[in-house]
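In what follows, a structure is listed as structure tokens, so that the remarks can point back to it.
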Amino acid sequence: MIVLVDGVYEEGWSGAGSSGLGNTGGVGGTIGGRFVGFSIGGPPVERRNLSLGTDLKGADVSGGFGWTDFLGLGSEKAVGQRMKKLEQRLVGAGGEQADETRKKAIVLAECSLDQPSTLAAIRKVCEHYAAQDQPPMTFVLMGNFSSQASMAGAGTGSIEYKELFNELAAVLSDFPSLLRTSTWTFIPGDNDPWESAFSAGASTTVPKQGVPEIFTSRIKRAFANAKAEAGIARREGMDEEAIWTSNPAKLSLFGPAHEVMLFRDDISGRLRRNAVRVGSAAPAGQQTATEEMQDVAMSGTLPSTEDVAEGDTQMKDNQAPGADAHEDYKTAQAKRLIMTLLPQSTLSPFSLTTRPVHWDYAGSLSLYPMPHTLILADAEAPPFAMTFEGCHVINPGKLVSGGGRRKQVQWCEYDLWTKRGTLKGDWV
3 MIVLVDGVYE EGWSGAGSSG LGNTGGVGGT IGGRFVGFSI GGPPVERRNL SLGTDLKGAD
63 VSGGFGWTDF LGLGSEKAVG QRMKKLEQRL VGAGGEQADE TRKKAIVLAE CSLDQPSTLA
123 AIRKVCEHYA AQDQPPMTFV LMGNFSSQAS MAGAGTGSIE YKELFNELAA VLSDFPSLLR
183 TSTWTFIPGD NDPWESAFSA GASTTVPKQG VPEIFTSRIK RAFANAKAEA GIARREGMDE
243 EAIWTSNPAK LSLFGPAHEV MLFRDDISGR LRRNAVRVGS AAPAGQQTAT EEMQDVAMSG
303 TLPSTEDVAE GDTQMKDNQA PGADAHEDYK TAQAKRLIMT LLPQSTLSPF SLTTRPVHWD
363 YAGSLSLYPM PHTLILADAE APPFAMTFEG CHVINPGKLV SGGGRRKQVQ WCEYDLWTKR
423 GTLKGDWV
């Protein structure tokens, strides 16, 4: 993780030319003194148009990476303007895709298929959109598809894991219109094979491959049967399919005109486990009182700061996370998570011992240049939808939450034209 430290260097002539370690390395020995830090913070966030050199308000528009083709679909300066005109004509206001529902992408996260309530929640979401005149353009289902590590001796072996997708195929088969006209994308989590076989649910290496084809044959058969029911095996407008992609994944619409980054990881929980708190130790009497207050707070006797409604929030550029004392807890946590990832320009700002990385594929974790939208599925963080420096960050939250008889269903509805997400909810 990259940090910027602001401070003053104080010279110490008494230590010049000497070292307490007994080694005067370098020409002239070791320079004495110390660096006194005043503040520590992350680097500034660079907007996408500045990275690509397309900021017309700036003094220089010739620099940047505007001619670099990051996705193999054409660079911003080569095809960007043409793709934006095409986007305006097809999905813009008054475009050929006039139906608002068709411009949507539905994102469901933490789809634990071994929980009966999850299948009921997926059915509830499918019923909602199957009743619309036009189905959404795409559905995105993000893992973990098993609540326990698969093939790690935790009760979910290869046969049981395959049965999970067989049950999902049975649910999806009841909605053939959605299978024929929408693209379905599946993104794995840490509990999905093959990495889960040796990690036992711990942090695996990223990026990771999609779910192996050996477990997904019944899902593909459901798509084939849905097309066969229409009378024609393949025709224009009915060539959608199930895509089993990697984690993270990039969704591109109209080339460089619209880029969406999809990532499934419990980043907030990992940050809390590795947090460093700086402060002085409390006296013995105060420490005992503080521990008692913490016990009371954790027991649920103090009022909770949780709220129900979540919406699209515009973060101010000069506002520090947690600066507002009256800000609700969920919003403050969301801002801390956003301000940890975006300034680092990577999805994994951790040490290799905390989160190993496949260096041959580390480029897929980069957030430079910043995407238009970052969909970060974090099951341990509250759902949110916020915009910071032109990047819209969405956390759909867990698909099913709650411990009562009726459980809450949460998902995200992403507008492909406005590039903004809306959090949706229901009950099962």
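Anchor point for the sequence shown: position 8 equals 10 in our numbering, and the numbering is continuous, going up by one each time.
Glycine included, each C-beta is placed from N, C-alpha and C at the ideal position.
Since we're looking at a predicted model, the values are computed, not measured.
| Whole-angstrom distance between D116 and N193, CA atom to CA atom | 12 Å
| What residue from G44, T56, Y11 has the CA that sits closest to V38's CA? | Y11
| Collapsed DSSP secondary structure at I108 in the structure displayed | strand
| Residues bridged to I42 (per DSSP) | V7
| message | Relative to the C-alpha of I245, which candidate in V127, P45, T187 has its C-alpha closest? | response | T187
| task | Note down the Cα distance separating T356 from L344, rounded to an integer number of angstroms. | result | 19 Å
| query | Fully enclosed by the region 347-382, which beta strand (DSSP E) runs are 3 residues long or longer? | reply | 375-379
| request: Tell me, please, which residues DSSP counts as bridged to Y416. | output: A107, G423
| said: Just list the residues that DSSP pairs G35 with in beta bridges. | reply: E13
| Delimiting residues of the alpha helix (DSSP H) encompassing C393 | First-last for C393: 393-397, but that is the beta strand (DSSP E), not the alpha helix (DSSP H).
| said: Let's see if you can read the secondary structure: which residues bound the alpha helix (DSSP H) around F167? | reply: 160-174
| field | Between the CA atoms of K86 and V213 - distance to the nearest angstrom | value | 33 Å
| Which stretch, first to last residue, makes up the beta strand (DSSP E) that contains A244? | 244-246
| Pair within 8 Å by beta-carbon distance, W413 and V109 | yes
| Based on Cα-Cα distance, which residue from I189, K409, I396, G406 lies nearest to C417? | The displayed chain sequence assigns Asp, not Cys, to residue 417. Taking only the C-alpha atoms, the option nearest D417 is I396.
| Residues bridged to S403 by DSSP? | Q410
| When the distance is taken between beta carbons, is S254 closer than 8 Å to A224? | no
| task | Give the single residue among L166, G44, Y363 whose Cα lies nearest to the Cα of V7. | result | G44
| Under the three-state DSSP convention, the category G24 falls into | A caution first: G24 carries a pLDDT of 49, below 50, which makes its placement in the model unreliable, though a value can still be read off. It is coil, neither helix nor strand.
| request: Report back the beta-carbon spacing between L367 and L354 to the nearest angstrom; my notes put them in contact at under 8 Å. | output: Between L354 and L367 the Cβ distance is about 13 Å, and since that is not below 8 Å, they are no contact.
| query | What residue range is occupied by the uninterrupted alpha helix (DSSP H) comprising M317? | reply | Per DSSP, M317 belongs to no alpha helix (DSSP H) and is neither H nor E.
| said: Just to confirm the assignment: which complete beta strand (DSSP E) runs, minimum length 3, are found wholly within the region 253-282? | reply: 260-266
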